[in-house]
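Asks: Number 198 in full-length UniProt numbering belongs to position 198 of the sequence shown; there are no gaps in the numbering. The structure that follows is given in the form of structure tokens.
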Amino acid sequence: MLAAALLFGGAGCVSFGSKTVQGPMGVFRSNDKGETWQQANTFPTTKGVSSLAGVKVYKLFTDPSDPNAIYLGSRGQGLYYSYNRGESWQKVESLGNRFIYSVAVDPKDKCTIYVTDGAEIVKTTDCSRTWKRVYTEQRGERIVGVAVDYGSSNMIFTALSSGQLLRSTNSGDSWRAIKTFNTGVQYITADPFTPNRIYVAGLNSGLIRTDNGGDTWIPLTTSLQNFANSLDFYRLIFHPTEKDALYWISKYGILFSKDAGQTWNAMQLLSPPGSVNIYSFAIGSKNPKEMYYVGTVFGEKGASRSTFYKSVDGGSNWVTKKMPTNTVPVTLLTHPDDNNILFMGFTIPDEK
């Protein structure tokens with residue numbers, strides 16, 4: 001997880017040697033497959049139109065049933081959502097200025113959403129109008145994420161940083177511990193193609209999955225260990241159309257699997273293995289041969305430089321494109337129905 005690698009924060013300013021660089025954060029959108037970018041930060045308020053350019057993005061989340069809906073989890077500035085492809089945003093005021101680690105939308109009911117700020121899980125059943133607390137962590141552990149099963153939306157999973165995994169079979173009304181991992185947990189997600197399949201990424205310990213809703217677990221780490229620093233995990237991305245196809249983003253680079261994580265192979269990138277940090281990777285929703293990633297290199301005092309890479313032939317060849325801002329890209333999405341549209345979220349590190 002990004003939070004394990006970088007302590008982002010600050011006031012929107014980082015230093016590159018003797019130069020001070022400022023740039024907008026928030027969300028940028030491309031309507032031409034990454035050739036050009038525009039800010040998608042319009043934020044109407046009762047006092048007039050504001051902007052999300054000062055919002056530090058942690059991650060962007062999608063709605064499985066609404067291709068135009070996007071949720072923005074911020075680093076200590078609350079939860080935002082857009083129902084119009086990022087044309088404008090609204091803030092969930094009732095949740096305040098929390099750090100939003102995870103957003104999970106019920107795949108069968110777009111108005112039912114689970115959100116965690118690391119200390120509790122809250123739930124709405126009326127499209128963010130009202131929220132109720134469904135789980136509170138009282139032992140000082142951090143809730144790293146929440147996932148809704150794609151086969152049964154009553155089955156909800158959450159993981160704690162300590163390694164404990166919890167399951168609810170009644171939409172969050174009650175919870176039961178079902179597994180404790182030997183290492184801490186960084187990430188949890190549900191497979192959009194296979195009901196009852198959940199993936200969990202451990203803290204520098206690889207990947208594990210269940211195919212039966214958490215009753216038994218299958219380790220998926222052996223093949224990952226063939227690649228240096230691949231257990232230093234950043235992202236897990238599903239192929240948009242191909243069942244069992246995964247992409248594991250780590251300090252090594254990008255690995256792909258066609259058998260639900262049993263075996264892994266390295267993608268041939270323009271950046272050598274381990275040379276850049278990749279927090280943003282996406283695949284064309286309608287044309288999976290179109291792939292995108294951003295490599296970031298960090299220097300002294302939080303300084304960073306990022307490069308946007310694009311492939312139109314499934315990763316055989318890559319070209320570089322100009323970035324729209326000097327801040328740090330941490331999340332990248334393609335629009336599910338329009339292959340031309342990309343969304344990229346940005347944040348900024350603390351100056352040290």
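Built from N, CA and C at the ideal position, the CB exists for glycine as well.
With the cut-off set at 8 Å, would you say residue 234 and residue 279 are in Cβ contact?
Replies: Closer than 8 Å, so yes.
Asks: Which residue marks the beginning of the beta strand (DSSP E) containing residue 69, and which one marks its end?
Replies: Per DSSP, residue 69 belongs to the beta strand (DSSP E) from 66–74.
Asks: In terms of residues, what are the limits of the beta strand (DSSP E) holding residue 382?
Replies: Outside the modelled stretch of the chain, which goes from 1 to 352, sits residue 382, for which no answer is possible.
Asks: With DSSP as the reference, label residue 120 as helix, strand or coil.
Replies: Three-state DSSP puts residue 120 in a strand.
Asks: Give the single residue among 267, 171 and 242 whose Cα lies nearest to the Cα of residue 135.
Replies: Nearest of 267, 171 and 242 to residue 135, Cα basis: 171.
Asks: Straight-line CA distance for residue 156 to residue 169?
Replies: Their Cα atoms are separated by approximately 7 Å.
Asks: Starting from residue 342, trace the beta strand (DSSP E) both ways and give me its first and last residue.
Replies: That run of the beta strand (DSSP E) goes 342–347.
Asks: Pull up the DSSP beta-bridge partners for residue 82, would you.
Replies: In DSSP, residue 82 forms a bridge with 70.
Asks: Can you tell me the Cα-Cα spacing of residue 111 and residue 67, whole angstroms?
Replies: Going from the Cα of residue 111 to the Cα of residue 67 covers about 14 Å.
Asks: Which residues share a DSSP beta bridge with residue 61?
Replies: 71, per the DSSP bridge assignment.
Asks: Which value, in whole angstroms, describes the spacing of the CA atoms of residue 21 and residue 249?
Replies: Note on residue 21: pLDDT 44, under 50, position unreliable in the model; the coordinate value appears next. Residue 21 and residue 249: Cα-Cα distance of roughly 28 Å.
Asks: Among 118, 74, 282 and 38, which has the Cα closest to the Cα of residue 238?
Replies: For the residues 118, 74, 282 and 38, the minimum Cα distance to residue 238 belongs to 282.
Asks: Pick from 101, 24 and 69: whose alpha carbon is nearest that of residue 52?
Replies: When only C-alpha atoms are compared, the closest one is 24.
Asks: Where does the unbroken beta strand (DSSP E) through residue 165 begin, and where does it stop?
Replies: Here the beta strand (DSSP E) through residue 165 covers 164–168.
Asks: Mind pulling the beta strand (DSSP E) runs of 3 or more residues that sit fully within the segment 192–246?
Replies: Taking only runs of at least 3 residues, the beta strand (DSSP E) segments lying wholly in the segment 192–246 are 198–202, 207–210 and 233–238.
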